[in-house]
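Okay, so here's the structure we're looking at.
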Amino acid sequence: MIKPLSLLNQSINSNVLVELKSGRGYRGILDGFDPHMNVVLKNAEELLNGETQKKMELAIVRGDNVIYISP
Amino acid sequence: MIKPLSLLNQSINSNVLVELKSGRGYRGILDGFDPHMNVVLKNAEELLNGETQKKMELAIVRGDNVIYISP
Amino acid sequence: MIKPLSLLNQSINSNVLVELKSGRGYRGILDGFDPHMNVVLKNAEELLNGETQKKMELAIVRGDNVIYISP
Amino acid sequence: MIKPLSLLNQSINSNVLVELKSGRGYRGILDGFDPHMNVVLKNAEELLNGETQKKMELAIVRGDNVIYISP
Amino acid sequence: MIKPLSLLNQSINSNVLVELKSGRGYRGILDGFDPHMNVVLKNAEELLNGETQKKMELAIVRGDNVIYISP
Amino acid sequence: MIKPLSLLNQSINSNVLVELKSGRGYRGILDGFDPHMNVVLKNAEELLNGETQKKMELAIVRGDNVIYISP
Amino acid sequence: MIKPLSLLNQSINSNVLVELKSGRGYRGILDGFDPHMNVVLKNAEELLNGETQKKMELAIVRGDNVIYISP
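Chains as they are written, first to last, in my numbering: chain V, 86 to 156; chain E, 86 to 156; chain W, 86 to 156; chain R, 86 to 156; chain X, 86 to 156; chain P, 86 to 156; chain D, 86 to 156.
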């Protein structure tokens with residue numbers, strides 16, 4: 086058994102996919118998070134329907150938009 | 086009588102279906118949860134209209150999207 | 086006078102109807118609840134427009150979707 | 086001056102109309118409430134466009150759906 | 086300078102307009118409120134597009150629907 | 086560096102524009118606020134697509150509707 | 086590893102892009118923030134589909150609208 090935030094903690098410095106309610110997703114290296122599931126992504130790509138829309142060196146994605154985070 | 090979180094606790098390592106507000110569902114082995122009903126699923130499948138959309142080794146599904154979880 | 090959670094408590098082991106914001110409803114035997122109105126239903130049926138969509142041995146329905154619960 | 090919850094308290098055992106965000110309303114005898122404005126209605130009728138849709142002996146209506154309660 | 090709740094307090098027994106997110110408004114004499122901006126209106130009128138839809142002797146309007154309250 | 090609420094505090098008695106999620110905006114003299122970003126506006130104008138819809142001597146705008154406040 | 090609010094703190098006096106749920110974005114110099122991710126932007130531009138809609142010397146953008154903030 087592993088708690089959601091512990092799994093996020095184990096995923097630091099790994100690639101994660103953050104899928105949002107709006108249909109957009111963000112893929113990047115997890116650089117940090119807080120208990121609200123706000124996450125910091127490094128080398129982030131914004132994805133829409135599987136295609137890269139935009140690249141960002143760093144992005145703070147707000148947790149309340151998240152459907153799931155897949156490490 | 087059983088409290089919702091106690092039932093989640095009993096369902097650890099079992100297969101569960103997590104149905105979301107968006108119409109999407111996730112099926113997988115429950116690997117963890119927290120009091121917000123954020124859940125960790127192992128060997129997760131994303132379902133839409135009963136069909137598998139995608140497979141993920143691990144996913145943290147955020148609790149505020151959940152309609153129901155069925156163990 | 087009876088408080089909402091006390092009425093839920095009296096309804097344990099009885100049949101209840103849980104009507105959700107999405108138009109879906111769930112009918113089953115109330116097996117548990119918590120202060121957020123998350124409920125555990127046994128022998129649950131999902132209803133849409135009065136017709137059974139699906140049966141589940143157990144389901145945890147998240148309270149924030151609920152319009153009303155009728156014991 | 087009267088606080089909202091004090092008015093609810095004075096309305097116990099009286100007929101109230103509970104109007105919801107969805108356009109539906111519930112009329113019944115107020116049998117209880119809590120600080121979230123969750124209410125227990127006895128002999129409740131569900132109303133849509135002024136017409137009775139359904140009758141229920143008891144219903145717990147969740148407060149976060151409420152637009153107004155009129156005693 | 087005046088805090089929002091202090092202005093509500095000064096407006097007790099005065100006529101106020103409560104405009105809601107749904108496009109509906111309520112006009113009446115402010116009879117009470119609480120820190121969530123739930124308000125009690127006396128001799129309340131429901132307004133839609135400037136026209137009176139309905140009159141109510143008393144109504145508790147839930148604060149989370151409010152866009153603005155104008156004393 | 087300045088915290089959001091400190092900037093609101095510095096803007097007391099100045100003209101501000103309060104833009105809401107609904108597309109409506111309110112312009113007026115900031116007369117007060119609280120930590121939820123509920124604001125009191127004096128000599129407020131309601132704006133829609135840049136045009137004045139309505140004038141109000143005083144209005145309490147609820148913070149949860151706000152997109153931004155520009156002093 | 087860096088927590089979301091620490092990254093915001095490091096971004097004070099730098100240019101940031103604040104993308105909102107509504108599809109609008111704001112670009113400006115980060116002048117402050119609070120734990121809700123409410124942010125103060127200096128020399129802010131409102132963007133829609135990549136085009137500048139409006140310029141503001143100062144704007145407090147409410148955190149609950151935010152999808153992501155990119156430093």
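In this text, a Cβ means the ideal position worked out from N, Cα and C, and glycines have one as well.
Determine the extent of the beta strand (DSSP E) in which residue i is found, giving its start and end residues.
{"i": "asparagine 98(D)", "result": "Premise fails: asparagine 98(D) is in no beta strand (DSSP E) and is neither H nor E."}
Per DSSP, residue i forms a beta bridge with which residues?
{"i": "glycine 113(V)", "result": "Val101(V)"}
{"i": "methionine 141(R)", "result": "Ala129(R)"}
What residues of chain X sit near residue i, judged by a beta carbon separation below 9 Å?
{"i": "arginine 112(P)", "result": "None at all; the shortest Cβ gap to chain X is about 13 Å."}
List, in order along the chain, the chain P residues whose C-beta lies closer than 8 Å to that of residue i?
{"i": "serine 107(D)", "result": "Lys106 and Ile152"}
{"i": "leucine 143(D)", "result": "Leu92, Ser155 and Pro156"}
{"i": "valine 146(D)", "result": "Ile152 and Tyr153"}
Please list the partners that residue i has in chain W, where partner means a Cβ-to-Cβ separation under 8 Å.
{"i": "isoleucine 97(E)", "result": "Going along chain W, no residue has its Cβ under 8 Å from isoleucine 97(E), so there is no contact; the nearest lies around 14 Å."}
For residue i, is the beta carbon positioned less than 7 Å from some heavy atom of the ligand PLP?
{"i": "threonine 137(E)", "result": "Among the components modelled here there is no ligand, and therefore nothing to report on the ligand PLP."}
Assign residue i to one of three DSSP states: helix, strand, or coil.
{"i": "serine 155(E)", "result": "strand"}
Report the neighbours of residue i on chain E: residues whose CB is nearer than 7 Å to its CB, in chain order.
{"i": "leucine 90(W)", "result": "The premise fails here: leucine 90(W) is roughly 12 Å from chain E at the closest Cβ pair, so nothing lies under 7 Å."}
Can you pull the chain V neighbours of residue i, defined as C-beta to C-beta under 9 Å?
{"i": "asparagine 123(E)", "result": "Lys88, Pro89, Leu90 and Met122"}
Residues of chain X with a CB under 8 Å from the CB of residue i: which are they?
{"i": "glycine 117(P)", "result": "Met86, Ile87, Lys88, Pro89, Ser91 and Leu92"}
Is any beta-carbon of chain A found at less than 8 Å from that of residue i?
{"i": "methionine 122(V)", "result": "Here the protein chains are V, E, W, R, X, P and D, and chain A is not one of them."}
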